[in-house]
Amino acid sequence: AQSVAQPEDQVNVAEGNPLTVKCTYSVSGNPYLFWYVQYPNRGLQFLLKYITGDNLVKGSYGFEAEFNKSQTSFHLKKPSALVSDSALYFCAVSATTDSWGKFQFGAGTQVVVTP
Amino acid sequence: NAGVMQNPRHLVRRRGQEARLRCSPMKGHSHVYWYRQLPEEGLKFMVYLQKENIIDESGMPKERFSAEFPKEGPSILRIQQVVRGDSAAYFCASSPGTSGGRRSSYEQYFGPGTRLTVT
Chain A
1 AQSVAQPEDQ VNVAEGNPLT VKCTYSVSGN PYLFWYVQYP NRGLQFLLKY
51 ITGDNLVKGS YGFEAEFNKS QTSFHLKKPS ALVSDSALYF CAVSATTDSW
101 GKFQFGAGTQ VVVTP
Chain B
1001 NAGVMQNPRH LVRRRGQEAR LRCSPMKGHS HVYWYRQLPE EGLKFMVYLQ
1051 KENIIDESGM PKERFSAEFP KEGPSILRIQ QVVRGDSAAY FCASSPGTSG
1101 GRRSSYEQYF GPGTRLTVT
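Going line by line, the protein sequences match chains A and B.
In case it helps, this note's numbering puts the first sequence at residues 1 to 115.
In case it helps, this note's numbering puts the second sequence at residues 1001 to 1119.
If you want it as C-alpha cells, here you go:
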C-alpha cells in the first residue's frame, strides 16, 4: 500500500526567505510524485511532478522539488517566498504497481508567508 | 481550453435525499477521478473511471455511493440517502488517456469542487 506523510501541519516563513515543505512517501514499486496547491474554496492546482530522470524538478511559480530515493522524500522548495504563496500544499504519490489513477494525498501543509 | 467543470458548486441536501454531482473533464481527457475532502483533511481517492468503465473503485464506500462516466455526457457521482457524514467537498480530476499503450501525461487536473452540505 502507498502512503504519504507531510509532517508539518503549518509552515511559517517571512516574505523573501526560503520556503520548504516536507513530504515523505512509501510505495511498492517506482513512485510518481506530485505537488499541488489549494487556495481557499478552490480546486487543486498542479505545481510539479517527478516521474523519472533528474532528481531536481522545476515547476510553476518558481517552485522546485528534489526527489531523494534513499530518504523516500520529495520536499518542495522555493528560494524566496511571496505573501501570495500562502496556501495549502499537498504532496501526492502514485505507484507503478497500483492503478495509475489512484493518487494518495498527504494531509496537507498550510503555508503562511508574512510580509 | 476550458478546465475541468463541476456542478453544482454548492449543494444542500436533507438527510435521506439523493445527491448528484457532475463532472465534465478537460477537452481531450478520457480519464476521470473522484476525490473527497473532509474538513481539515486531505483528499481521499474514491474512484477512477474511463468512458463506460470503472477502473478502480477501491475508495468508494460499499453502500449508497455510485459513479459512472457514460459514452456521452459528464461523469456522475451519485450518493443515495445522504447522511450528515457525507458533508464534504467532492473534487473531480481528469487526465489524458494512453497513446500506443503509454500514458501521455501523469498529472491530474482538478475541478473547483462541489461542496455538499447535508442538513
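Positions of the beta carbon are idealized from the N, C-alpha and C atoms, including for glycine.
C-beta contact flag for residue i and residue j at 7 Å
| i | j | result |
| --- | --- | --- |
| A/Phe103 | A/Ala92 | yes |
| A/Leu47 | A/Ser28 | no |
| A/Asn12 | A/Val112 | yes |
| A/Gly108 | A/Leu88 | yes |
| B/Phe1110 | B/Ala1093 | yes |
| B/Leu1043 | A/Phe34 | no |
| B/Gln1050 | B/Ser1030 | yes |
| B/Met1046 | B/Met1060 | yes |
| A/Ser94 | A/Tyr32 | yes |
| B/Pro1096 | B/Ser1024 | no |
| B/Arg1036 | B/Tyr1090 | yes |
Residue i in three-state terms, based on DSSP
| i | result |
| --- | --- |
| A/Val83 | helix |
| A/Ser60 | helix |
| B/Asp1189 | The shown model of chain B, from 1001 to 1119, leaves out residue 1189 of chain B, and the question about it has no answer. |
| B/Val1084 | According to the sequence provided, residue 1084 of chain B is Arg. The question's Val does not apply to it. Helix. |
| A/Ser26 | strand |
| B/Val1004 | coil |
| A/Asn68 | strand |
| A/Pro31 | strand |
| A/Ala95 | strand |
| B/Arg1138 | Since the first and last residues shown for chain B are 1001 and 1119, residue 1138 of chain B lies out of range. |
| B/Arg1009 | coil |
Closer than 6 Å: residue i CB and nearest the ligand GTP heavy atom
| i | result |
| --- | --- |
| A/Lys69 | For the structure depicted, the ligand GTP is absent and the ligand set is empty, with no information on it obtainable. |
Practice task
Could you please tell me which residues of the region 31–46 of chain A, in chain order, have their CB closer than 7 Å to any CB of chain B?
Solution key: Tyr32, Phe34, Arg42, Gly43, Leu44 and Phe46
Handout entry: Contacting positions in the region 10–27 of chain A - beta carbon closer than 7 Å to chain B
Key = none
Handout entry: Three CB pairs or more closer than 8 Å across the region 1068–1086 of chain B and the region 1012–1021 of chain B
Key = yes
Handout entry: At least three beta-carbon pairs within less than 8 Å, the region 11–24 of chain A to the region 69–82 of chain A
Key = yes
Practice task
Check distances from the C-beta atoms of the region 1035–1069 of chain B to those of chain A and list, in chain order, the residues that come in under 8 Å.
Solution key: Tyr1035, Glu1041, Gly1042, Leu1043, Lys1044, Phe1045, Tyr1048, Ile1055, Asp1056, Ser1058 and Gly1059
Practice task
With 9 Å as the C-beta to C-beta threshold (strictly closer), list the residues of the region 1105–1116 of chain B near chain A in chain order.
Solution key: Tyr1106, Glu1107, Gln1108, Tyr1109, Phe1110, Gly1111, Pro1112, Gly1113 and Arg1115
Handout entry: Any 3 or more C-beta pairs closer than 8 Å across the region 1105–1119 of chain B and the region 1004–1015 of chain B
Key = yes
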